[in-house]
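Following: one structure in structure tokens, then a few remarks.
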């Protein structure tokens, strides 16, 4: 049930952009900056939106649309709408139990939700609350670690695995430095002041998490538990992906028995290689502009990739803010469209009620 404060917060939210404005007020500057920011000049971030603005509709009239449906089918499951929730890292830092909130709200709406391996809640806890969630993995270029994590994900009960392949090297996120966010998270007077001046986040998310669940850890990058968010060992866990290659992806295909999706493809040749290597689906993505500044917007290359891989569902994320954006992506060949930041903002501002809204 929605509480009175959440209802008040949502009263003026008419679009996804409204959630961003509300989250900017609700979250400490470093935390909001982490979610909202991209890399270097933000060129790719802005191009994701600009690409949608370059397409318009040419509607046809006097067509009977009385029997219409938004449903889409992916890997044998029918969803209520052709959009879902992208993987959102460390969501529990800006929304209390963020991954669970996102997963359960998506299940209630019958849309796909992809859980990020850069999460602060154990994957087993999330799938226990939502059997329909997909799991996204950042896999190291190390066979024993790959094998162990895939086994853990399978044992937990996830059916669909998403492997992100555009993050072997960390993006140059100057924005994080400017706003005071770091990985590992370093306690400071600046961070403390930002927290104290945002009491709803401080008491409703951070302190509530510390009291009930202890210091957050990176729980799912490996089969073992990762370090706490304030540990310098975090950097070690994020710097072991440089060896990942197509042979590893073929190994993952042999190990994983369910639907396997590859995320982060922008080149048609890579899409064809992925399909030939056993991918059941492709998410065309530039990581929301968070990895390589100057990487082309996913929408610009979507038609070519969809045409090259008609046998498997081609999906997309990046820059989607309106239902009309979803329609444009579908018209250009997407089977489903994923949205990231706005759902994170919604969870931060009003929890499950925000995500449902």
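Numbering (our numbering), first residue to last: 21 to 377.
Built from N, CA and C at the ideal position, the CB exists for glycine as well.
Worksheet item: For the region 199-212 against the region 298-307, are there 3 or more C-beta pairs whose distance is under 8 Å?
Response: no
Worksheet item: In three-state terms, what does DSSP make of residue 178?
Response: Position 158 of the chain shown, counted from the start, is the residue given in the question as residue 178. Residue state, collapsed to three classes: coil.
Worksheet entry | Beta carbon of residue 299 nearer than 9 Å to that of residue 322 | Counting from one through the chain shown, the residue named residue 299 turns up at place 279. Counting from one through the chain shown, the residue named residue 322 turns up at place 302. Not a contact, by the Cβ cut-off of 9 Å.
Item to complete: Identify the continuous beta strand (DSSP E) that holds residue 214 and give its terminal residues.
Response: Locating residue 214 in the chain shown gives position 194, counting from the first residue. Run containing residue 214: none in the beta strand (DSSP E); it sits in the alpha helix (DSSP H), 209-216.
Worksheet item: In terms of residues, what are the limits of the beta strand (DSSP E) holding residue 98?
Response: Mapped onto the chain shown, residue 98 falls at position 78. Segment 97-99, the beta strand (DSSP E) holding residue 98.
Practice prompt. Quick one: using the 10 Å Cβ neighbour count with 16 as the cut-off for buried, is residue 241 buried or exposed?
Written response: By 1-based counting over the chain shown, the position of residue 241 is 221. By the neighbour-count rule (16 or more Cβ atoms within 10 Å), residue 241 is buried.
Worksheet item: Below 9 Å between beta carbons: does that hold for residue 159 and residue 282?
Response: Taking the chain shown and counting its residues from 1, one reaches residue 159 at position 139. Taking the chain shown and counting its residues from 1, one reaches residue 282 at position 262. No.
Worksheet entry | beta strand (DSSP E) runs wholly inside the region 55-93, at least 3 long, in chain order | none
Discussion item. Across the region 74-83 and the region 106-117, are there enough close Cβ pairs to call them in contact, namely three or more that are closer than 8 Å?
Written reply: With the cut-off at 8 Å, the region 74-83 and the region 106-117 do not touch.
Worksheet item: Do you know whose CA, among 219, 254 and 69, lies nearest residue 190's CA?
Response: As a first step, residue 190 must be located in the chain shown, where it is residue number 170. Distances from the alpha-carbon of residue 190 to those of 219, 254 and 69 put 254 closest.
Worksheet entry | residue 153 and residue 174 closer than 9 Å at C-beta | By one-based count along the chain shown, residue 153 stands at place 133. By one-based count along the chain shown, residue 174 stands at place 154. No, the Cβ-Cβ distance between residue 153 and residue 174 is not below 9 Å.
Worksheet item: In whole angstroms, what separates the C-alpha of residue 313 from that of residue 143?
Response: Mapped onto the chain shown, residue 313 falls at position 293. Mapped onto the chain shown, residue 143 falls at position 123. Cα-Cα distance, rounded: 30 Å.
Worksheet entry | Same chain, Cβ closer than 8 Å to residue 20, neighbours up to 5 away in sequence not counted | Missing from the structure shown is residue 20; the chain here goes from 21 to 377 and no further.
Item to complete: Check the DSSP bridge columns for residue 280 and list the partner residues they point to.
Response: Against the chain shown, residue 280 aligns to sequence position 260. Bridge partners of residue 280: 181.
Practice prompt. Just the C-alpha distance for residue 287 and residue 219, rounded to the nearest angstrom, thanks.
Written response: Position 267 of the chain shown, counted from the start, is the residue given in the question as residue 287. Position 199 of the chain shown, counted from the start, is the residue given in the question as residue 219. If I take the Cα positions, the gap works out to 45 Å.
Worksheet item: Roughly how far, in whole angstroms, is the beta-carbon of residue 276 from the beta-carbon of residue 181, given that I think they are within contact range, below 8 Å?
Response: In the chain shown, counting from the first residue as 1, residue 276 sits at position 256. In the chain shown, counting from the first residue as 1, residue 181 sits at position 161. So it is a contact: roughly 5 Å between Cβ atoms.
Discussion item. Tell me the residue span of the beta strand (DSSP E) that contains residue 337.
Written reply: By 1-based counting over the chain shown, the position of residue 337 is 317. Where residue 337 is concerned, the enclosing beta strand (DSSP E) stretches over 334-337.
Worksheet entry | C-beta contact flag for residue 350 and residue 75 at 9 Å | One-based indexing of the chain shown puts residue 350 at position 330. One-based indexing of the chain shown puts residue 75 at position 55. Cβ distance not < 9 Å, so residue 350 and residue 75 don't count as in contact.
Practice prompt. Could you pull the start and end residues of the beta strand (DSSP E) that residue 111 belongs to?
Written response: Here residue 111 corresponds to residue number 91 of the chain shown, with the count starting at 1. Taken as a continuous stretch (DSSP letters only), residue 111 belongs to no beta strand (DSSP E), as it is neither H nor E.
Practice prompt. Please name the residue, chosen from 198, 138 and 183, that lies closest to residue 278 on a Cα-to-Cα basis.
Written response: Along the chain shown, read from residue 1 onward, the residue named residue 278 stands at position 258. Taking only the C-alpha atoms, the option nearest residue 278 is 183.
Fill in: Host beta strand (DSSP E) of residue 39 (start-end)
What you label residue 39 is simply residue 19 of the chain shown in a count that begins at 1. Segment 36-46 is the alpha helix (DSSP H) holding residue 39; no beta strand (DSSP E) there.
Worksheet item: Going along the chain, which residues of its own chain have a beta-carbon closer than 7 Å to the beta-carbon of residue 348, five neighbours each way excluded?
Response: One-based indexing of the chain shown puts residue 348 at position 328. So the qualifying residues of the chain are 72 and 75.
Item to complete: Output the distance between the C-alpha atoms of residue 90 and residue 343, rounded to the nearest integer angstrom.
Response: By one-based count along the chain shown, residue 90 stands at place 70. By one-based count along the chain shown, residue 343 stands at place 323. Near 11 Å, if we compare the C-alpha coordinates of residue 343 and residue 90.
Fill in: residue 223 classed as buried or exposed, judged by whether at least 16 other C-beta atoms fall within 10 angstroms
Counting from 1 along the chain shown, the entry for residue 223 is found at position 203. Residue 223 should be labelled exposed.
Item to complete: Excluding the 5 residues preceding and the 5 following residue 116 in the sequence, name in chain order all residues of the same chain whose CB lies nearer than 8 Å to its CB.
Response: Locating residue 116 in the chain shown gives position 96, where the first residue counts as 1. Taken in chain order, the residues that qualify are 224, 225, 228, 229 and 371.
Discussion item. Suppose you measure from the CA of residue 290 to the CA of residue 262; what does that come to, to the nearest Å?
Written reply: Walking along the chain shown from the start, residue 290 turns up at place 270. Walking along the chain shown from the start, residue 262 turns up at place 242. About 17 Å.
Discussion item. Can you list, in chain order, the residues of its chain with a C-beta nearer than 7 Å to that of residue 246? Leave out the 5 residues immediately preceding and following it.
Written reply: As a first step, residue 246 must be located in the chain shown, where it is residue number 226. Excluding residues within five positions, the ones whose Cβ falls inside 7 Å are 237, 238, 239 and 257.
Worksheet item: Just to confirm, are residue 51 and residue 114 a CB contact at a threshold of 9 Å?
Response: Walking along the chain shown from the start, residue 51 turns up at place 31. Walking along the chain shown from the start, residue 114 turns up at place 94. Contact: yes.
Fill in: Residues near residue 129 in its chain [Cβ-Cβ closer than 8 Å; skip 5 each side]
What you label residue 129 is simply residue 109 of the chain shown in a count that begins at 1. Within the same chain, Cβ atoms closer than 8 Å to the Cβ of residue 129 are found at 100, 101 and 376, the five residues on either side in sequence being excluded.
Practice prompt. Starting from the N-terminal side, write out each stretch of the alpha helix (DSSP H) that is 4 residues or longer and does not extend beyond the region 217-241.
Written response: 227-233
Worksheet entry | Residues of its chain near residue 340, where Cβ-Cβ distance is below 6 Å and the 5 sequence neighbours each way are ignored | Here the question's residue 340 lines up with position 320 in the chain shown. Answer for residue 340: 357 and 359, listed in chain order.
Worksheet item: What is the DSSP secondary structure of residue 311, reduced to helix, strand or coil?
Response: By one-based count along the chain shown, residue 311 stands at place 291. In the structure shown, residue 311 sits in coil (DSSP, three-state: anything other than H, G, I, E or B).
Worksheet entry | residue 264 versus residue 163: straight-line alpha-carbon distance, rounded | As a working note, residue 264 is residue 244 in the chain shown. As a working note, residue 163 is residue 143 in the chain shown. The alpha-carbon atoms of residue 264 and residue 163 are separated by roughly 10 Å.
Worksheet item: Which same chain residues, not among the five before or five after residue 147, have their C-beta less than 7 Å away from its C-beta?
Response: Numbered from 1 along the chain shown, position 127 holds the residue referred to as residue 147. If we look at residue 147 and ignore the five residues flanking it on each side, its Cβ neighbours are 153, 176, 177 and 178.
Item to complete: With distances taken Cα to Cα, identify the nearest neighbour of residue 331 among 87, 57 and 296.
Response: In the chain shown, residue 331 corresponds to position 311, counting from 1. Residue 296 is the option with its Cα nearest to residue 331.
Practice prompt. State buried or exposed for residue 59, treating a residue as buried only when at least 16 other CB atoms are found within 10 Å of its CB.
Written response: Position 39 of the chain shown, counted from the first residue, corresponds to residue 59. That one is buried.
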